[in-house]
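Structure first, commentary second.
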Amino acid sequence: MPDSPRSGRLQARAEDTRRVILDTAVALYLSQGAENTTVSAIIKRARLGRTTFYRYFKDADDVLRQAVTRDFDAVMTDFQTQRYEHEDLEEQIVEDVVWFIRQLRRRPAIRVLFANNSAQLYERIDETLAVAFDAALACSRPSFERARVSGRLREGVTVDKYVEWCMFIVMSLQTVNFPFAASEFRLRQMLKDFVVPSLIVSVGEREAEGAR
């Protein structure tokens with residue numbers, strides 16, 4: 523039996539309330555830090571009752587986890603519609619990594635992770651960090667599969683190693699202000715010169731190997 527119009531309205535209202543709580547929490551994280559954002563502060567800023575808050579979230583950590591998860595889910599969804607297909611595999615890998623970096627910078631809840639990357643903060647969202655790997659996997663798998671099918675993966679590079687290495691590069695660029703990262707041209711060149719060759723063999727290498 524299809525949902526009644528009233529049921530649909532109630533569900534929409536519930537989603538709106540949940541979104542308001544998450545948006546309010548993220549705004550507070552960015553203005554005063556996640557470690558200083560309490561349930562009471564969220565309730566006061568969102569102008570909601572305490573009972574309403576606890577209808578949707580268990581505690582402050584639950585809000586933080588769900589806010590980060592929401593952003594990573596959005597990254598995975600957007601990748602499917604925004605990814606540009608390059609003819610050149612090297613350019614594809616560079617483009618995918620740069621796209622992922624751009625997404626992390628524009629997602630407010632994810633930015634919180636790098637604004638204060640303390641061990642205590644990561645402990646609060648430990649289980650949610652698996653979503654970060656899922657997002658990286660979703661954004662890396664197409665180029666990994668393309669490299670695998672074309673026989674260009676470096677020996678020993680599995681999908682997990684491929685994703686973990688790309689994640690390491692991306693996360694490092696978020697937590698350390700490398701001078702080259704301020705210029706997208708220099709960033710792309712660094713990825714092309716050092717990261718891409720660590721994942722795949724060049725066309726020249728493959729042809730030389732085949733000629734032996």
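Per the working numbering, the very first residue in the sequence shown carries number 523; after that it's consecutive. Where a beta carbon is used, it is the ideal one built from N, C-alpha and C, also for glycine.
- The segment 617 to 625 and the segment 660 to 678 touch, with no fewer than 3 CB-CB distances between them shorter than 8 Å.
- In this structure, A589 sits away from F622, with a CB-CB distance that is not shorter than 9 Å.
- Distance from the Cα of T546 is smallest, within the candidate group A703, E686 and R567, for R567.
- Distance from H608 to Q602 at the Cβ level is roughly 16 Å; contact not present, criterion being Cβ atoms closer than 8 Å.
- Shown here for L552: same chain residues with a beta carbon closer than 8 Å to its own, the five before and five after excluded, namely P630, R633, V634 and A637 in chain order.
- F575 is the residue among R628, F575, A660 and Y606 whose C-alpha sits nearest the C-alpha of A536.
- Collapsing the DSSP output to three states places L570 in coil.
- Boundaries for V698: no alpha helix (DSSP H) harbours it, and the DSSP string shows neither H nor E there.
- Runs of beta strand (DSSP E) with 3 or more residues, each lying fully within the segment 652 to 678, are absent.
- Here the segment 711 to 730 makes contact with the segment 672 to 681; the two share three or more CB pairs at distances below 8 Å.
- Sequence-distant partners of T591 (beyond 5 residues in either direction) whose C-beta falls short of 7 Å from its own C-beta, in its chain, are T650 and V653.
- Under the DSSP assignment, E613 falls in the alpha helix (DSSP H) whose first and last residues are L611 to R628.
- Secondary structure of I632 (DSSP, three-state): helix.
- For R646, same chain residues with a beta-carbon under 7 Å away, outside a window of 5 residues either side, are D583 and L586 in chain order.
- Residue burial annotation: F594 is buried, with at least 16 other C-beta atoms found within 10 angstroms of its C-beta.
- The Cβ-Cβ distance between F702 and Q711 falls below 9 Å.
- I564 carries a helical assignment under DSSP once its states are collapsed to helix, strand and coil.
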